[in-house]
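Report on the structure given below.
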Amino acid sequence: MSTTKFYVTTPIYYVNDKPHIGHAYTTILADVLARYHRLLGHPTFFLTGTDEHGLKVQQAAEKAGITPQEQADNTVVRFRDLWEKLEITNDHFIRTTDDYHKKVVQDILQDLFDRDEIYKAEYDGWYDVTSETFVTEKDLPEGQKPEDLPNVTRIKETNYFFRMSKYQDWLIQHINDNPEFIQPDFRRNETLGFLRQPLNDLCISRPKNRLNWGIDLPFDRDFVCYVWFDALINYISGIGYQQDDKTFRKWWPADYHLIGKDILTTHTVYWPTMLKAADIPLPRTVFAHGWWLSGKTKMSKSLGNVVNPMDMIDRYGVDPFRYFLIAEMSLGQDASFTEEAFVRRYNSDLANDLGNLLSRLTNMITRYCDAKIPNVSKNVLKDDAEKELWDAVQTAVEKMEASVERMRLDLGIADVLNAIRGINRYLEMKQPWTQAREEDKAPLHTTLYCAAEALRVMAALLYPVMPGKMTALREALGLSAGEPDTERLRKWGLIKAGAAANKPAALFPRIEDAIETESKTMTDENAEKKTSDKPTAAPAEKKPEGVALISFEDFMMMDLRTGKILEAGKIEGADKLLRLQVMIGSEKRQVVAGIAQHYDADQLIGKTVVVVANLKPATIRGVESHGMLLAASKGESLRLVTIDGEISSGAKVK
Ligand code: MSP
326 MSTTKFYVTT PIYYVNDKPH IGHAYTTILA DVLARYHRLL GHPTFFLTGT
376 DEHGLKVQQA AEKAGITPQE QADNTVVRFR DLWEKLEITN DHFIRTTDDY
426 HKKVVQDILQ DLFDRDEIYK AEYDGWYDVT SETFVTEKDL PEGQKPEDLP
476 NVTRIKETNY FFRMSKYQDW LIQHINDNPE FIQPDFRRNE TLGFLRQPLN
526 DLCISRPKNR LNWGIDLPFD RDFVCYVWFD ALINYISGIG YQQDDKTFRK
576 WWPADYHLIG KDILTTHTVY WPTMLKAADI PLPRTVFAHG WWLSGKTKMS
626 KSLGNVVNPM DMIDRYGVDP FRYFLIAEMS LGQDASFTEE AFVRRYNSDL
676 ANDLGNLLSR LTNMITRYCD AKIPNVSKNV LKDDAEKELW DAVQTAVEKM
726 EASVERMRLD LGIADVLNAI RGINRYLEMK QPWTQAREED KAPLHTTLYC
776 AAEALRVMAA LLYPVMPGKM TALREALGLS AGEPDTERLR KWGLIKAGAA
826 ANKPAALFPR IEDAIETESK TMTDENAEKK TSDKPTAAPA EKKPEGVALI
876 SFEDFMMMDL RTGKILEAGK IEGADKLLRL QVMIGSEKRQ VVAGIAQHYD
926 ADQLIGKTVV VVANLKPATI RGVESHGMLL AASKGESLRL VTIDGEISSG
976 AKVK
């Protein structure tokens, strides 16, 4: 990594309404980056907060019949609560109504005014009430006139202006000389495109008779400061500017201002020119991410399709939600949020690949090694398979570091998932359930230990994204709950032989298809309906005699899958049993079935049967069995449940 310290910021959020998925996303992204940098040993500072002045907040307060300060105080709690729930590790939370911030804003304003960087003039033109900006025709798409826009009115008033225009050439030069300043590249071109037109001076005041919820201009108390001029300054006031020089110098310039694409101009034109005028160095990178869409549609309150992060957390838990947002969005591009996509990714990455690996491994350590991490020889990495496994782990570490640097966390996560699949393949190849039957336990111990070590590093790489679940995973492997660090990513052999492993409750229980087939997203509007839509158990009068009733949820806990029988053979000394190798999707499983008196082994090969795939593994007559076949039996006869027609193995049976 090129930086030694790391200072990351999110936009500060308006307190006119409760937080939504867009706010949650940027904050989770900043948190994940901050946690990665801490993991890599970089001193890190992470700032977030709320933007509490301006027309939007004043109007929301008026609507609610409360003061703007009350509006801010009520809403800030919702942001703080959400960040706490999402396990956000910001080092400071700034509110623009905090006194220290107001003082910094006023000091900067006074200084710029004293040095004639700010002047008073009359403005006669168009003003957009929603965005609180002055509108000129050049800002609009061709052919559109300001007077045609719904929230634009003509105003004529005296105001204060910041001499932004004089920095135009300097800014273009800076952007061209520092390609990392605006990222991704196409956003840099967008700003350069904007700067091809003459840059106006920036109106930084609002007369109090029109808006009084803001910071007073120190040199003219009839005016308050324009909300953006006030808000942008949070990035320096929040780390001690003009209050604690040492702290400020330690963190500034920011390494990343993370923003949404809609606030590019304020961050890449207003902010750098303000800093230049105040003689403060510029941030290293302003990174604009895309938008979360609801399916293919823009999220908006009026469409009722805004995803509520609190509901997602309540339904699926914090870590899977964090994981989905980070793994799914390719930074810079828009991404689509649907509950279907969420469940699909959860089941494949988390329940199948990662969750199953941990449960297989801890099951075997429990069964074969008395729930203690086994001992292995020091030279274990000399063997080909183990060396290959550890090399793959180290490659995943390198790739993740590179992905963090390139802001492509989605790719880093995909690499980790690949390495996790590699650990699963290693187990398939080594077949510890077969090794367990050998006299010499060293090969079994090697397999289990190496898989656990590999998984330990994967858990560390995923820790910044899923801190809670990865802590549980560490504990299951007999490790302490403490945060992982860089050194431990590279070091072999940190799991202690003899440490107590434990079988945790399923880390990521599969989300069943009842939810998978629902295409609606969890929005405020359908959240209420959804709870009452839950499937319920069959009414009592339908109960067949002598059969215990189970709930729909009980039934859905069973994972029934199609499986193709690849091999079948007898088990010595057990004339009722057959040992089968069954392909379930991409996984080959050994299943012991009590069907030898009804089927010849050869007759079974190629049949597609139904397997209970989430049955606890069992050892039957010394042979390990990972699942059970469904069959119908009456009296002496027994026939397997098979599939009528073509369907791929691993398909869900319901
Ligand atoms: N207060 C200003 C920022 C000042 S920073 C000095 C602001 N606040 S906001 O609450 O309206 O928006 C905050 C962020 O949320 C913006 O970066 C915006 O892009 C982002 N998002 C709003 N909706 C979004 C999505 N649907 N998806 C992703 N991010 C989106 O602007």
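Under the working numbering, the letters of the sequence shown match residues 326 to 979, in that order.
C-beta: ideal position from N, C-alpha, C; glycine also.
With a Cβ-Cβ cutoff of 8 Å, do residue i and residue j count as a contact?
i	j	result
N827	A696	yes
R781	D678	no
A777	I820	yes
Y595	L527	yes
Y566	F573	yes
I414	A359	It is Thr, not Ile, that sits at residue 414 in the sequence shown. Yes. Within cutoff.
L520	V333	no
Y350	P789	no
E812	A806	no
A660	G615	yes
K481	D439	no
A602	G585	no
K895	A926	yes
V934	T967	yes
T392	T373	no
F734	I651	Note on identity: in this sequence residue 734 is Leu, with Phe being the wrong assignment. Taking 8 Å as the Cβ cut-off, L734 and I651 qualify as a contacting pair.
W451	V477	yes
A355	T375	no
L600	L434	no
Y693	I836	no
Please go through the same chain and pick out, in chain order, the residues whose beta-carbon is closer than 6 Å to the beta-carbon of residue i, but skip the five residues on each side of it.
i	result
A785	P809, L814
A976	T887
L736	S728
D884	A938, N939
I346	W617, V632, P634
S973	none
V357	I651, P789, V790
W758	E949
On the CB-based measure, 16 or more other CB atoms within 10 Å of its CB, does residue i come out buried or exposed?
i	result
M635	buried
F511	exposed
S327	Note on S327: pLDDT 46, under 50, position unreliable in the model; no value is reported.
S673	exposed
T610	buried
M754	exposed
N749	buried
A744	buried
Q760	buried
S684	buried
R535	exposed
N704	exposed
H770	buried
A386	buried
P344	buried
Keeping to the same chain, check which residues put their C-beta closer than 7 Å to that of residue i; ignore five residues upstream and five downstream.
i	result
D423	none
L804	R781, I820
Y648	L675, V790, M791
Q906	L891, E892, K913, Q915
L787	V741, M795
A899	R946
E850	A caution first: E850 carries a pLDDT of 43, below 50, which makes its placement in the model too unreliable to give a value.
T458	none
M908	G888, K889, L891, S974
R762	G947
Give me, in chain order, the residues of the same chain whose beta-carbon lies closer than 8 Å to that of residue i; leave out the 5 immediate sequence neighbours on both sides.
i	result
I690	A696, K697, I698, P699, L773, A777, A826
K330	H367, P368, T369, F370, K575, W576, D580
I500	F506, I507, R513, T516, L517, L520, T593
Y425	S562, Q568
G539	H378, G379, R531, V549, C550, Y551, V552, D555
T590	T516, F519
I638	K410, L411, F646
T622	L628, N630
I930	I890, L891, E892, A893
*For the segment 514 to 533 and the segment 473 to 493, state whether three or more C-beta atom pairs, one from each stretch, are separated by less than 8 Å.*
Yes, the segment 514 to 533 is in contact with the segment 473 to 493.
*Give a yes or no on contact between the segment 372 to 387 and the segment 327 to 345, applying the rule of three or more CB pairs nearer than 8 Å.*
Counting Cβ pairs under 8 Å, three or more are found: they touch.
*Take every Cβ of the segment 931 to 951, pair it with every Cβ of the segment 905 to 917, and state whether three or more of those distances are shorter than 8 Å.*
Result yes; three or more Cβ-Cβ pairs closer than 8 Å.
*Within the chosen definition, does the segment 919 to 926 reach the segment 954 to 974 through at least 3 CB pairs nearer than 8 Å?*
Cβ pair count under 8 Å is three or more, so yes.
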